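Numbering (the working numbering), first residue to last: 10 to 411.
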Amino acid sequence: MYDVIVVGARCAGSPVAMLLARRGHRVLLVDRVSFPSDTISTHYLQQAALLRLREWGLLDALTATNCRPITDMTVSHLGVVIRGFADPVDGLAFSMAPRRIVLDKLLLDGAVAAGVEVREGFSVRDLIRHDDGTVAGIVGRDATGAVVEERATLVVGADGRNSVVADLVGADFYKVVPAASFIYYSYFSGLDWQFHSRFGDHEQCAGWPTHDGLTLVTAMRNLEDFEEFRADIDGSLRRTFRSVAPELAEDLDSHGVQEDRYYGIRYPDNYYRTSYGPGWALTGDAGYHKDPVTGLGITDAFRCADLLTEHVDQALRGDRPMDEALAEYQRLRDEESAGAFNFTTTLGELNFPPHLVALWRALPNNETARAQFFGMIAGVVPSSVFLAPENVESIMLAAAAV
Ligand SMILES: Cc1cc2nc3c(=O)[nH]c(=O)nc-3n(C[C@H](O)[C@H](O)[C@H](O)COP(=O)(O)OP(=O)(O)OC[C@H]3O[C@@H](n4cnc5c(N)ncnc54)[C@H](O)[C@@H]3O)c2cc1C
């Protein structure tokens with residue numbers, strides 16, 4: 010019998026398992042894959058995520074993995090370019106884009122070091138329930154193919170956007186926003202790029218450094234272009250760069266050497282799911298997923314790990330009922346993420362609405378607003394603050410006065 014069973018051992022699951030174990034709880038963490046294991050992601054980590062890794066004692070291990078720090082950002086929309094970087098946050102003056110094959114293993118190792126019992130190659134198929142329907146544990150197949158049952162006070166689904174746990178408990182979807190775009194990306198050597206995120210008309214291209222001298226190079230377009238793009242991925246990606254950021258296209262064509270295959274995905278819809286009930290909770294993409302255009306998924310998974318740990322710990326210590334603690338967890342998650350969710354789904358259309366176009370055009374000449382913008386990309390200035398009507402109005406007034 011465990012205090013908590015966590016299903017899914019990547020950005021959401023491993024940290025919550027680690028943090029609960031550090032608070033003295035008995036935790037089982039299972040994943041159907043074995044680590045190191047890659048997954049589809051462009052793996053940009055905001056400074057806010059790195060700050061959590063530092064707080065958890067894992068940042069030094071990450072910086073030792075030969076991943077190039079990001080210290081300079083160029084973001085553009087239809088040729089209006091701004092360049093800069095967020096002010097240091099608690100002395101942290103870089104962001105990073107570590108490969109998931111590295112990051113997720115590092116997080117899992119953190120959980121193991123905290124005393125979490127880990128079972129890899131363990132696929133959850135069903136949930137055990139008490140007579141009143143309260144979830145009491147998991148049923149799964151272990152690495153040998155044997156059917157195994159394990160019981161716990163709480164089962165946490167951290168099993169991603171196709172969450173089996175969420176489906177088994179029938180977690181409702183809410184605030185669903187249909188996906189608007191797709192992505193293709195690969196890894197290139199020979200490029201000396203820092204962070205670029207360049208928006209055109211219904212298209213985006215981007216790139217940033219990662220491990221081993223490689224640069225992630227990516228293009229995003231609206232879903233209606235998917236079949237055409239897919240018919241010639243390399244040509245389509247290079248055409249997107251030529252259309253949106255010609256100087257990067259030239260560098261890519263002249264110096265870039267592709268070192269890996271192309272990875273692509275039509276984005277799944279954006280959503281929230283009810284994330285708690287009797288004996289269960291959801292975290293990470295299982296409970297809340299949005300378009301990757303703002304690169305927030307991992308930062309949010311880390312934030313939720315702290316938030317969920319805090320609330321589950323209160324309940325396991327007997328300080329308050331579990332359902333009350335989990336209700337507050339969901340409420341805070343939704344409140345804190347609402348601004349970013351709305352901004353992300355808007356950007357995900359790859360077609361800035363007029364008010365964003367106007368705001369964007371006001372940024373190049375406004376140092377304070379630019380610093381706020383880069384702070385938002387760093388995850389330390391909430392988008393609800395940067396995009397608050399009074400803040401936007403003051404930026405527009407300053408622009409009108411120039
Ligand atoms: C194309 C793309 C690009 C992205 N780029 C970025 C980015 O640049 N920055 C960023 O922050 N975010 C990005 N994201 C989002 C980010 O990848 C996700 O938010 C993040 O991976 C969510 O982590 P998670 O742990 O909740 O789920 P996942 O990473 O999906 O992990 C879920 C785990 O659960 C396991 N699992 C599933 N079902 C079972 C089962 N039945 N039994 C046992 N185990 C199970 C899986 O094997 C998996 O290991 C991107 C997403 C996509 C699709």
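Yeah, the Cβ is synthetic: ideal placement off N, Cα and C, and Gly gets one too.
All values derive from a computational prediction rather than experimental measurement.
Beta-carbon contacts of residue i that lie in its chain and below 6 Å, excluding the five residues immediately before and after
i: P218; result: R77 and T224
i: R134; result: V148 and G149
i: S23; result: L116, L117 and A120
i: V390; result: Q381 and G384
i: R329; result: Q323
i: A310; result: C20, A21 and G293
i: E126; result: L37
i: G130; result: S43 and A152
i: Y183; result: Y281
i: V178; result: G286 and W289
i: T249; result: E212, C214 and A228
Contact test: residue i Cβ vs ligand 1 heavy atom, cutoff 7 Å
i: R61; result: no
i: H52; result: yes
i: C20; result: yes
i: R282; result: no
i: R41; result: yes
i: I137; result: no
i: E379; result: The residue you asked about is not Glu; residue 379 is Arg in the sequence shown. Because no heavy atom of ligand 1 lies under 7 Å away, the Cβ of R379 does not count as near it: no.
i: I307; result: yes
i: S206; result: no
i: T249; result: no
i: I386; result: no
i: R170; result: yes
i: I274; result: yes
i: S132; result: yes
i: T48; result: yes
i: G17; result: yes
i: G265; result: no
i: R192; result: The sequence shown places Ile at residue 192, not Arg. For ligand 1, at least one heavy atom lies less than 7 Å from the Cβ of I192.
i: V185; result: no
i: D294; result: yes
i: G304; result: yes
i: G357; result: no
i: V156; result: no
According to DSSP, residues forming a beta bridge with residue i
i: R275; result: F191
i: Q213; result: F208 and M229
i: D40; result: E129
i: L54; result: M105
i: L163; result: V13
i: E158; result: V148
i: D181; result: Bridge partners of D181: none, in fact.
i: F197; result: T224 and Q267
i: V186; result: N279
i: R138; result: V144
i: P218; result: T224
Inter-residue spacing [alpha-carbon to alpha-carbon] between residue i and residue j
i: A26; j: M405; result: 45 Å
i: D69; j: P287; result: 38 Å
i: V366; j: V98; result: 28 Å
i: H34; j: Y281; result: 28 Å
i: T303; j: D140; result: 43 Å
i: A371; j: V84; result: 14 Å
i: E237; j: G100; result: 46 Å
i: V411; j: R92; result: 20 Å
i: A387; j: K114; result: 24 Å
i: V401; j: R340; result: 27 Å
i: G265; j: R379; result: 30 Å
i: W65; j: L325; result: 21 Å
i: D269; j: A409; result: 47 Å
i: R251; j: L257; result: 8 Å
i: V156; j: S132; result: 10 Å
Proximal residues to residue i (C-beta, below 8 Å), its chain only, five neighbours per side dropped
i: D260; result: L200 and W202
i: D47; result: R108, R109 and I110
i: D300; result: A188, A189, S190, Y276, N279, T353, T354, L356 and G357
i: I274; result: I49, F191 and I192
7 Å Cβ shell around residue i - same chain, five flanking residues per side excluded
i: G142; result: P287
i: H298; result: R170, P277, N279 and Y280
i: V186; result: D278, N279 and T354
i: A145; result: I137, R138, H139, R160 and G288
i: W369; result: H86, V89 and F361
Any chain D beta carbon closer than 8 Å to residue i
i: V98; result: In the displayed structure, chain D is absent; only one protein chain is listed.
Starting from the N-terminal side, write out each stretch of the alpha helix (DSSP H) that is 4 residues or longer and does not extend beyond the region 276-348.
-> 306-325
Every unbroken alpha helix (DSSP H) inside the region 56-118 [4 residues or more] | With a minimum length of 4 residues, the continuous alpha helix (DSSP H) runs that stay inside the region 56-118 are 56-64 and 68-72.
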